[in-house]
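What follows is one structure encoded as structure tokens, with my remarks underneath.
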Amino acid sequence: MSTRSLVSSVTCPHCWAEFPPAQVRYVAEHAALMGDPVLGDSAAMRFLPSRFDARGRAIDPFGASASRMACMRCHLELPPAALELPQAIVSIVGAPASGKSVMLAAASFSLRSGLVVDGLEFVDADPSLNDLTLELESSLFRSSTPDSPAMIAKTDLAGRLYRSFRVGDANWTAPKPQLFVVGRKGKRHLLCLYDNAGEHFLPGADAPHEPVTRHLGVSRALVFVVDPTQDQRVIERLGGREAVQAVGGAGSIDQRQDLILIEVANRVRRLRGLSAYDPLPFRIVLALSKADIWGSVTDPPIAADFGGFRSGQSIAVPPMEVLQRADATCREFLARYMPELLATARALDPNLRIVPFSGLGNPPSSATLGTRLAIRPRDVKPVWPAAPLVVALSEAEPALFPEHAVG
Amino acid sequence: MSFEVVHTSVVRGLRGESGFATAIMTRGLPAGLESGLQDVSGYDHDSARAVGVDTVEWAHRIVTVRGRPYTVLSRVAPNGVDASRRPNRIAHHLVLEPHERALGGPAWMLGQFGAFETGTPEVTERTTPPVLPTGDLPVRAAHAWSAAGFDAGWAGVVAQSLVDHPQAVVYVVLPEALDALPLVIDVLALMPNDRRWHVTFSTRPLVVLPHVRCQLRFVRAEAPGLARMLAEPGARVVRVERDEDAGESDAANAARRGQTVEPTSRPVNTRVNPVVQSALGSSAAGVREQDAFAASTRAGAQVPAAPVAQAERSSFDDSIGAASQASPGRTGTDLVDSFGSARDPRAVQDVARASIYSRSNLQWPPIAIALILYSGLAVLGAVILFLLAAFAR
Ligand SMILES: Nc1nc2c(ncn2[C@@H]2O[C@H](COP(=O)(O)OP(=O)(O)OP(=O)(O)O)[C@@H](O)[C@H]2O)c(=O)[nH]1
Ligand SMILES: [Mg+2]
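Taken in sequence, the protein lines are chains A and B.
So in my numbering the end of the first sequence lands on 395, straight run, no missing numbers.
So in my numbering the end of the second sequence lands on 388, straight run, no missing numbers.
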């Protein structure tokens, strides 16, 4: 008989409640046990088991064996890995249209390939729960129609990306987590990511019963996606708003991304009960997106060859010295064009790290001015798409990626 | 007073935020309702993935916010591209007071309201409520169904499901994408006026939310994951095919001829009346809902087919409100029926969840015996006390 070792405390990736594994609920399997007080009539009943069969599966009130588990608070389903592996929640944050969804899709797609970091194991904790990432990936990175232009949709504030549940008298809405088992050098973690809409991070957007960004209260690392092409000074340097918009940059307005970073830092401190002067409990990684657009104006121009990684293995995470050179180049670029963002990030975390990347590798285009931007999946050639995530993980769990951790 | 909210991706919303935001709102919108309406503003642009049958979502829903149910009529549709050059969508919601519900029904009202925003509007807070259509839609043959290439009788079959199972989710599976609002108008036209507003619906359902009521869902036969959705316990499914006749039931014939679809009288099992104590539905709301629907179902043919008078509508409003507050709860009649029907798996579940049973015909003897025993004991106690007092003196 096999044995399972459980973590001492489970953090639910849906509602972020913490509870001992003994409190985990099971999902009834008997067809008649439909309806749950927290999830509604169309969900199977959740129960705290008191009987188990010889194989350790719970027995539901009508005698069927139940093996699917759920959170004791929100009753949403948990993959077994949530009880067995330590969790690494990484918060991906950024302004609307900064490139978060493209990064998530490009990173998960390339991490699966095994070509990103030597010896890395990266698998879906439960493919049925990770449908969102799989869909994002299939629209651009593993498309069945590689010659038909496509693009990842704007992340909506409602709909399939969210789960609702009822606790007490209130309805709660939370983003659907995407869960992966990440293993390397004998260590395994449950990586948990969310595809938030940029609007969620705008100052004043934190609604009490829509805890869409509450992962900031438990995450182990913060990837702040900065889109330099949304800054007016960069836009001017690149030839004006229209020119930048035509290749996928510029967003919708001149976005104060430093204010979003301050808002996020405030939420982190508030959710964790930290004082306004306490250092943030994790490293900040500034992920500079769309480097294919602005990478030509850095000194030296990093878009030219990404430290020799542009061609061939562009999805691989480069060695530490290449990353450090890129970090220095980007620091100089930010100091010149977006000094207040760099100053804010430095004040929050003096040891912050900066990683440039391009989720698409090539600019999208549109048939006519003012219409939808799209790119042929065949032309998508991401450059360092997983580097921000790997750097963030190396800071949170140095044992996984010792060669990418600083100090 | 009615309210309207328009939600879409704008450069600067009502509160200065960019991206998806409230673009238009009537001043004085009740607290919490703006975010409640945002929950039903989503749109999936992927036509292969979308479950709904229509490109536009036309919906009548009861959205419960902070314990209060609101009648919401919505139109959610694609809206070109936004400033980031990605597909945009626009959701326009009308929040109605009970007295503003037109006799013609919610689908008719959606069809008649001519002021839905279809392109990105000027961002503004409106001080006057939207001008809502009023009027009635007389019962008539289901011409929109015939025009769409279906037997008109199907509208009657759908109406029958709604009338007979007011609390069950009803899926209408259509062979391909089409303009579904005229089909809903036809279905509701076959129902008595006082039933039309009991029917919540969506022509492009996206997600099921615990605080949002949406009973009638129009879906595509090709939709991914459809089988799992239709397997939802208690759900009624009407599969409509182009070359298939809807049969010769009274309801199908009523839809072909333009007559009201009446509830099928069903035997009511009065032996056991379970009172389900579920954390989902507040018991008070559950009882009101149960009473309202049970009464109207039992009344059967006595339900007036003529337009309901204003005075009659208040109890009808209450029952709609109560039904929504009870969340996805069920009616007493449904429970009683399901006890009688061994095929309905919910019957068994209700046995499991029922925590109080009132056996009406078994209640009297135990109560009477207990009363006699207690009064006997009380008299005996009083005599002993009296004797003790006398003895002490
Ligand atoms: N040239 C270029 N354009 C990109 C790249 N990544 C994203 N874009 C463009 O930026 C747009 C926004 O990217 P998304 O990933 O959807 O942005 P997001 O941060 O998820 O935005 P929200 O969902 O609104 O929060 C895309 O539609 C593309 O047009 C890139 O690597 N290169
Ligand atoms: Mg997005």
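C-beta: ideal position from N, C-alpha, C; glycine also.
At least one heavy atom of ligand 2 falls within 7 Å of the beta-carbon of ALA185 of chain A.
For PHE213 of chain B against ALA175 of chain B, the beta-carbon gap comes to about 5 Å, under 8 Å, which counts as contact.
Remark: C-beta atoms of PRO376 of chain A and ALA291 of chain A do not approach each other more closely than 8 Å. Between THR133 of chain A and chain B, the shortest Cβ-Cβ separation is not below 8 Å. A distance below 8 Å separates the beta carbons of THR17 of chain B and LEU9 of chain B. Proximity of the beta carbon of SER79 of chain B to ligand 2 is not indicated: no heavy atom of the ligand is located closer than 7 Å. Counting C-beta pairs closer than 8 Å gives three or more between the region 33 to 43 of chain B and the region 195 to 205 of chain B, which meets the contact rule. Judged by DSSP secondary structure, ASN74 of chain B falls within the beta strand (DSSP E) whose first and last residues are 63 to 76. Counting only runs of 4 or more residues that sit fully inside the region 0 to 76 of chain A, the alpha helix (DSSP H) segments are 69 to 72, in chain order.
Taking a C-beta distance under 8 Å as the contact criterion, MET186 of chain B and ALA154 of chain B qualify as a contact pair. Across the region 150 to 163 of chain A, CB contacts with chain B closer than 8 Å involve TYR150, SER152, PHE153, ARG154, ASP157, ASN159, THR161, in sequence order along the chain. Within the chosen limit of 7 Å, ligand 1 reaches the beta carbon of ASP280 of chain A through at least one heavy atom. In the same chain as GLY106 of chain B, and ignoring 5 residues on each side of it, the C-beta atoms closer than 8 Å to its own belong to LEU176, PRO177, ILE180, in chain order.
Contacts with chain B at 8 Å (Cβ-Cβ) do not include MET60 of chain A. Across the region 232 to 245 of chain A, CB contacts with chain B closer than 9 Å involve GLN233, ALA234, GLY236, ALA238, GLY239, SER240, ILE241, GLN243, in sequence order along the chain.
No Cβ of chain B is located within less than 8 Å of the beta carbon of PRO365 of chain A.
By the criterion of at least three beta-carbon pairs nearer than 8 Å, the region 39 to 49 of chain A is not in contact with the region 162 to 172 of chain A. In the same chain as ARG252 of chain B, and ignoring 5 residues on each side of it, the C-beta atoms closer than 8 Å to its own belong to ALA136, in chain order. Residues ALA393 of the same chain have their beta carbon placed closer than 6 Å to that of PRO386 of chain A, with the five preceding and five following residues left out of the count. In the DSSP assignment, GLU320 of chain A falls within the alpha helix (DSSP H) that extends over 308 to 325.
In this structure, THR143 of chain A has its beta carbon less than 7 Å from a heavy atom of ligand 2. According to the DSSP assignment, GLY171 of chain A belongs to the beta strand (DSSP E) that extends over 166 to 172.
Interface annotation, LYS88 of chain A: not in contact with chain B, CB-CB separation never under 8 Å. Against ARG360 of chain A, the close residues of chain B are VAL76, ARG80, ARG81, PRO82, in the order they occur along the chain (beta-carbon pairs closer than 8 Å). Counting along the chain, the unbroken alpha helix (DSSP H) around LYS88 of chain A starts and ends at 88 to 100. Straight-line spacing of the CA atoms in GLY75 of chain B and SER4 of chain B works out to 10 Å. Here the alpha carbons of VAL26 of chain A and ALA380 of chain A stand approximately 35 Å from one another.
The region 89 to 101 of chain A makes contact with the region 364 to 375 of chain A: 3 or more CB pairs, one atom from each, lie closer than 8 Å.
For GLU(-1) of chain B, the enclosing beta strand (DSSP E) stretches over residues -2 to 5.
Looking from the CA of GLY242 of chain B, the closest CA among B:ALA226, B:ARG231, B:TRP149 belongs to B:TRP149. The closest heavy atom of ligand 1 lies less than 7 Å from the beta carbon of LEU361 of chain A. Where LEU105 of chain B is concerned, the enclosing alpha helix (DSSP H) starts and stops at 101 to 107. Identification of residues in the region 38 to 61 of chain A having a C-beta nearer than 9 Å to some C-beta of chain B yields PRO49, PHE50, given in sequence order. Annotation for SER277 of chain A indicates a beta carbon within 7 Å of some heavy atom of ligand 1. The secondary-structure analysis by DSSP pairs ILE363 of chain A across a beta bridge with A:ALA138. Under a criterion of Cβ atoms nearer than 7 Å, no residue of chain B is adjacent to LEU36 of chain A; the nearest Cβ is some 15 Å distant.
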